[in-house]
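K.L.:
Okay, so the sequence shown: first residue is 397 according to my numbering, each after it adds one. For each residue, glycine too, the CB sits at the ideal point set by N, CA and C. Take this structure first; my questions come after.
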Amino acid sequence: MSRTVLVTGARGFVGSNLMLHLQRRPDLSVIGVGRDDDLDAAITRLSSDDIVFHLAGVNRPISPDEFATGNAGLTELLCDKLAARGIAPTLVLSSSIQAALDNPYGISKRQGEDCVREYGRQNPGKAVIYRLPNVFGKWARPNYNSVVATFCNNIANHLPIQVNDPGAPLTLLYVDDLISTWLDLLDGSPDHADQNGFGALSTVYHTTVGELASTIESFRTSRQSLITEPVGRGLARALHATYLSYLRPEQFSYGLTTHADARGEFVEMIKTNDSGQVSFFTCRPGITRGGHFHHSKTEKFLVVCGRGLFKFRHMVSGETAQLETSDQNYQIVETVPGWTHDITNIGDDDMIVMLWANEIFDPQRPDTYQEPVDHAKP
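Printed below as a string of structure tokens:
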């Protein structure tokens with residue numbers, strides 16, 4: 397039997413991301429409620445076995461009075477409606493670290509927490525409060541309440557950004573990490589709520605405004621330099637994904653420089669600061685490329701289209717070797733330091749070869765020495 401999940405504030409930044417995750421799950425019946433939707437009708441579909449993610453609230457009102465009605469008042473109304481129905485679904489409140497402040501916004505968020513805490517006292521184990529720091533990710537509105545969204549949007553669109561204090565600290569929470577925590581809660585893992593009802597956040601990042609701006613700028617300039625930063629984990633991964641989400645469709649692609657001669661074309665694709673670079677080249681039928689050796693530089697070749705003959709000769713012993721590879725039997729061919737090597741297109745059509753080198757090519761120190769494979773030194 398499927399569970400029902402009710403999300404208030406479903407069309408907001410966090411709500412939209414949460415809804416996208418929830419709606420992919422066939423075991424859930426998901427109800428999203430926005431500002432103009434019927435909350436009462438949604439609540440009638442709930443039971444005590446279900447869960448409510450209360451994300452709706454106000455943070456940029458026209459009048460400060462709206463803080464009280466849009467945060468504390470709405471939360472109290474939700475708790476009252478659940479009680480009136482005689483049901484006690486798990487209630488998850490999205491609060492803010494600013495609830496600790498004595499300003500109108502902080503007070504209204506703290507009062508909302510008190511309502512949920514009282515709900516938890518009446519229904520033990522059924523309430524969790526999450527005080528969120530600066531949440532960022534795709535679909536956050538720029539120039540609103542997220543510096544990450546503003547920087548990503550402006551840098552992606554070549555607009556100026558303002559950094560008043562580069563050393564100012566930032567505490568950031570990636571929206572997908574937040575949702576992962578909530579999905580774990582939904583699936584029954586311990587919520588780790590403390591005695592005050594606060595739930596634990598699994599991953600929070602600490603950086604500065606200056607570091608944030610520099611990191612996002614590097615994503616834009618990578619299209620010119622081809623240097624890709626380490627974006628496979630942690631904060632850099634989250635920021636990179638967020639930055640890309642602010643590109644418009646006409647910005648989804650960018651050009652590369654092609655180096656062409658009679659042998660074919662050579663194109664550099666991706667470079668890294670510590671893991672080399674990826675390129676590809678084409679080779680006309682009957683043409684040989686290479687004919688050089690390296691002292692320390694290493695490479696990996698993959699023929700993705702056509703047929704190639706690799707030949708090798710040891711620079712000291714004179715030992716030779718050769719191997720054939722093609723798009724019918726994909727193989728990685730490695731070049732080994734101290735062996736001169738080349739590749740010949742032995743097919744009838746242009747050959748296309750992917751190439752990884754362990755270091756970025758440095759014309760001042762290329763570590764590449766011309767030496768024909770078929771010419772043995774006396």
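Go ahead and pull the three-state DSSP assignment for Thr764.
P.N.:
Here residue 764 refers to the residue found at position 368 of the sequence shown. DSSP places Thr764 in coil when its eight states are reduced to three.
K.L.:
Going by C-alpha distance, which of Lys505, Leu581, Val531 is nearest Val524?
P.N.:
Taking the sequence shown and counting its residues from 1, one reaches residue 524 at position 128. Of the listed residues, the one whose Cα sits closest to Val524 is Leu581.
K.L.:
Three Cβ pairs or more, each shorter than 8 Å: is that satisfied between the stretch 656 to 676 and the stretch 711 to 724?
P.N.:
No: the two stretches stay apart, fewer than three of their Cβ pairs being nearer than 8 Å.
K.L.:
If you scan the stretch 467 to 497 from start to end, which runs of the beta strand (DSSP E) of 3 or more residues do you find wholly inside it?
P.N.:
Runs found: 486 to 492.
K.L.:
Can you confirm whether Pro460, when its beta carbon is compared against all beta carbons of chain C, has any partner nearer than 9 Å?
P.N.:
Within the model displayed, chain C is absent; a lone protein chain is all it includes.
K.L.:
Would you mind giving the Cβ-Cβ distance between Ile623 and Phe547, rounded to the nearest angstrom? I have them listed as a contact below 8 Å.
P.N.:
To locate residue 623, count along the sequence shown from 1; it is residue 227. To locate residue 547, count along the sequence shown from 1; it is residue 151. About 20 Å; that fails the 8 Å criterion.
K.L.:
Based on the DSSP secondary-structure assignment, which residues constitute the bridge partners of Asn725?
P.N.:
Along the sequence shown, read from residue 1 onward, the residue named residue 725 stands at position 329. In the DSSP output, where bridge partners are listed per residue, Asn725 has Ser722.
K.L.:
Name the DSSP bridge partner or partners of Ile748?
P.N.:
Along the sequence shown, read from residue 1 onward, the residue named residue 748 stands at position 352. Thr678, Cys701, per the DSSP bridge assignment.
K.L.:
Kindly identify the DSSP beta-bridge partner or partners of Leu667.
P.N.:
As a working note, residue 667 is residue 271 in the sequence shown. For the sequence presented, residue 667 should be read as Lys rather than Leu. Partner(s): Ile623, Gln673.
K.L.:
In the DSSP assignment, find the alpha helix (DSSP H) that holds Ile551 and state where it starts and stops.
P.N.:
Taking the sequence shown and counting its residues from 1, the one referred to as residue 551 is at position 155. First-last of the alpha helix (DSSP H) with Ile551: 543 to 552.
K.L.:
Between Asn549, Leu640, Leu528, which lies nearest to Arg537 when the distance is taken from Cα to Cα?
P.N.:
Taking the first residue of the sequence shown as 1, we reach residue 537 at position 141. Checked all of Asn549, Leu640, Leu528; the closest Cα to Arg537 is Asn549.
K.L.:
How far does the alpha helix (DSSP H) with Gly502 in it reach, from first residue to last?
P.N.:
Here residue 502 refers to the residue found at position 106 when the sequence shown is read from its first residue. Run containing Gly502: 500 to 518, per the alpha helix (DSSP H) assignment.
K.L.:
Buried or exposed: His691, going by 16 or more other Cβ atoms within 10 Å of its Cβ?
P.N.:
Counting from 1 along the sequence shown, the entry for residue 691 is found at position 295. By the neighbour-count rule (16 or more Cβ atoms within 10 Å), His691 is not buried but exposed.
K.L.:
Which runs of the beta strand (DSSP E) fall wholly inside the stretch 568 to 615 and span at least 3 residues, in chain order?
P.N.:
As far as the stretch 568 to 615 is concerned, its whole beta strand (DSSP E) runs of at least 3 residues are 601 to 604.
K.L.:
May I ask you to report which of helix, strand or coil DSSP gives His636?
P.N.:
As a first step, residue 636 is located in the sequence shown; it is residue number 240 there, counting from the start. His636 falls in the helix class under three-state DSSP.
K.L.:
Tell me whether Leu631 is buried or exposed, calling it buried when 16 or more other Cβ atoms sit within 10 Å of its Cβ.
P.N.:
Working through the sequence shown from its first residue, we reach residue 631 at position 235. It is buried - the Cβ of Leu631 has at least 16 other Cβ atoms within 10 Å.
K.L.:
What are the boundary residues of the beta strand (DSSP E) that His655 is part of?
P.N.:
Looking up residue 655 in the sequence shown gives position 259. Here the beta strand (DSSP E) through His655 covers 654 to 657.
K.L.:
How is Ile756 classed by DSSP in three states: helix, strand or coil?
P.N.:
Here residue 756 refers to the residue found at position 360 when the sequence shown is read from its first residue. If DSSP states are grouped into helix, strand and coil, Ile756 belongs with coil.
K.L.:
To the nearest angstrom, how far is the alpha carbon of Gly563 from that of Ile557?
P.N.:
Counting from 1 along the sequence shown, the entry for residue 563 is found at position 167. Counting from 1 along the sequence shown, the entry for residue 557 is found at position 161. Answer to the nearest angstrom: the Cα atoms are 15 Å apart.
K.L.:
Measuring alpha carbon to alpha carbon, tell me which residue in His450, Gly408, Asp446 is nearest Leu424.
P.N.:
In the sequence shown, the residue the question calls residue 424 occupies position 28. Among His450, Gly408, Asp446, the Cα nearest to that of Leu424 is on Asp446.
K.L.:
By Cβ distance, which residues of its chain are closer than 8 Å to His602, with the 5 residues on each side in sequence left out?
P.N.:
Locating residue 602 in the sequence shown gives position 206, counting from the first residue. Within the same chain, His602 has close Cβ partners Pro565, Leu566, Thr567, Leu568.
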